[in-house]
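Engineer: Number 281 in the UniProt record's numbering belongs to position 55 of the sequence shown; there are no gaps in the numbering. Virtual Cβ for every residue (Gly too), placed ideally from N, Cα, C.
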Amino acid sequence: PRCIWLSRHGESVYNVEKKIGGDSSLSARGFQYASKLPEIVRESAGDVNLTVWTSTLCRTQQTAESLPYKQLQWKALDELDAGVCDGMTYEEIEVKYPDDFKARDDDKYEYRYPGGESYRDVVIRLEPIIMELERQENILIVTHQAVLRCIYAYFMNVPQEESPWMSIPLHTLIKLEPRAYGTEVTRIKADI
Ligand code: F6P
227 PRCIWLSRHG ESVYNVEKKI GGDSSLSARG FQYASKLPEI VRESAGDVNL
277 TVWTSTLCRT QQTAESLPYK QLQWKALDEL DAGVCDGMTY EEIEVKYPDD
327 FKARDDDKYE YRYPGGESYR DVVIRLEPII MELERQENIL IVTHQAVLRC
377 IYAYFMNVPQ EESPWMSIPL HTLIKLEPRA YGTEVTRIKA DI
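Below you can see the structure in the form of C-alpha cells.
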C-alpha cells in the first residue's frame with residue numbers, strides 16, 4: 227500500500243535566530259539532519275521507489291539533497307508568506323504591529339499578514355498538491371511548518387481551522403498510511 231512521508235526542512239539559520247519566513251540556509255544542525263535523512267527514510271520505507279517533493283526555498287532543497295530519489299520542486303509548497311513581517315521575530319512583530327499580533331492570536335486560521343497570506347490562503351493554494359498526492363504512489367514531502375500543518379490536517383481528517391495549532395516538530399519524519407478506517411501515523415525522531 228502506498229504511503230506519504232512528511233518532513234520539515236532541517237533547522238535553518240532563521241530558525242536559530244527566531245526569524246520567520248525568508249530563504250535562509252540550513253544551520254549546522256539542520257545539515258546534520260539532512261545527512262541523516264536518507265538512512266531514516268530507508269529504515270521507514272525500505273526499497274520502495276519514492277519521489278521527493280520540496281518547495282522552491284533553499285532550506286528544503288538542502289534538506290533533500292542527499293536523498294537518492296527523483297525530486298520535484300513546487301512553488302505551492304513554499305512557506306506561508308508573512309508579507310511585511312517576513313524576516314522578523316515574533317517579539318519584533320508584537321512591538322511593531324501590536325494589533326496584527328493580537329489579531330493573529332485571536333484567529334490564526336483567518337488572519338492574513340499584510341501583503342502576505344493566511345492559513346486559509348495556504349489551504350487553497352495546496353488544493354492542486356493534495357489532488358496530485360491522491361493520484362500518486364509513494365511521496366516524501368520536505369516542506370515548511372505551516373504547509374505541513376495543512377497537509378497533515380487534511381490526511382488526519384482534522385478540521386482545517388485547527389491546522390495552525392498542530393505540532394509538527396523539526397527533525398522528525400512523519401509516515402502516513404491511508405487506511406480504510408483512517409490514516410495510520412508513525413513519527414520517527416532523528417537522533418541529533
Ligand atoms: O518559524 C518557522 C516558520 O516556518 C515561519 O517561517 C512561519 O511564518 C511560521 O513557522 C509558521 O508558524 P506559525 O503559523 O505558528 O507562526
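#1: Kindly indicate which three-state DSSP category R234 falls into: helix, strand or coil?
#2: With 16 other CB atoms within 10 Å as the buried threshold, where does E265 fall?
#3: Give the straight-line distance between the Cα atoms of K328 and G313, rounded to the nearest whole angstrom.
#4: Whose C-beta lies closer than 8 Å to the C-beta of S253 among residues of the same chain, with five residues either side of it excluded?
#5: Leaving out five residues on either side along the sequence, give the residues of the same chain with a beta carbon under 6 Å from the beta carbon of S281.
#6: Looking at H370 and the ligand F6P, is the gap between the Cβ and the nearest heavy atom below 6 Å?
#7: Kindly provide the ranges of any beta strand (DSSP E) runs that are 3 or more residues long and lie completely inside the segment 342-369, ordered along the chain.
#8: From K262 to A416, what does the alpha carbon distance come to, in whole angstroms?
#9: Just the Cα atoms here: how many angstroms apart are E403 and V274?
#10: Taking A372 and V348 to be in contact with their CB atoms under 8 Å, please state how far apart those CB atoms are, rounded to whole angstroms.
#11: Name the DSSP bridge partner or partners of P404?
#12: A406: buried (16+ other C-beta within 10 angstroms of its C-beta) or exposed?
#13: I need the DSSP call for residue 423, collapsed to helix, strand or coil.
#14: Tell me whether the segment 318-336 and the segment 352-368 touch, counting them as touching only if at least three CB pairs, one residue from each stretch, are closer than 8 Å.
#15: Please classify P294: is it buried, with 16 or more other beta-carbons within 10 angstroms of its beta-carbon, or exposed?
#16: Should Q297 and A290 be called a contact, given that it needs their Cβ atoms to be closer than 7 Å?
#17: Are there 16 or more other CB atoms within 10 angstroms of the CB of E363, so buried, or fewer, so exposed?
#18: Going by DSSP in three states, I414 sits in which element: helix, strand or coil?
Structural biologist: Working from what's here:
#1: In the sequence shown, residue 234 corresponds to position 8, counting from 1. DSSP places R234 in strand when its eight states are reduced to three.
#2: Taking the first residue of the sequence shown as 1, we reach residue 265 at position 39. Exposed.
#3: Indexing the sequence shown from 1 puts residue 328 at position 102. Indexing the sequence shown from 1 puts residue 313 at position 87. For K328 and G313, the distance between alpha carbons rounds to 19 Å.
#4: Locating residue 253 in the sequence shown gives position 27, where the first residue counts as 1. If we look at S253 and ignore the five residues flanking it on each side, its Cβ neighbours are G236, E237, S238, V239, N241, V242.
#5: For the purposes of this step, residue 281 is identified with residue 55 of the sequence shown, where counting begins at 1. Same-chain partners within the cutoff: L303, D304, T369.
#6: As a position in the sequence shown, residue 370 is number 144, starting the count at 1. The answer is yes for H370.
#7: 365-369
#8: Taking the sequence shown and counting its residues from 1, one reaches residue 262 at position 36. Taking the sequence shown and counting its residues from 1, one reaches residue 416 at position 190. About 8 Å.
#9: Here residue 403 refers to the residue found at position 177 of the sequence shown. Here residue 274 refers to the residue found at position 48 of the sequence shown. For E403 and V274, the distance between alpha carbons rounds to 14 Å.
#10: Within the sequence shown, the letter at position 146 stands for residue 372. Within the sequence shown, the letter at position 122 stands for residue 348. That pair is a contact at about 6 Å.
#11: For this step, residue 404 is matched to residue 178 along the sequence shown. Paired residue(s): T409.
#12: One-based indexing of the sequence shown puts residue 406 at position 180. By the 10 Å Cβ count, A406 comes out exposed.
#13: With the chain running from 227 to 418 in the structure shown, residue 423 is simply not present.
#14: no
#15: Numbered from 1 along the sequence shown, position 68 holds the residue referred to as residue 294. Burial call: exposed.
#16: Translated into the one-based positions of the sequence shown, residue 297 becomes position 71. Translated into the one-based positions of the sequence shown, residue 290 becomes position 64. In contact: Q297 and A290 (Cβ atoms closer than 7 Å).
#17: In the sequence shown, the residue the question calls residue 363 occupies position 137. Burial call: exposed.
#18: In the sequence shown, residue 414 corresponds to position 188, counting from 1. The answer is strand: DSSP assigns I414 an E or B state.
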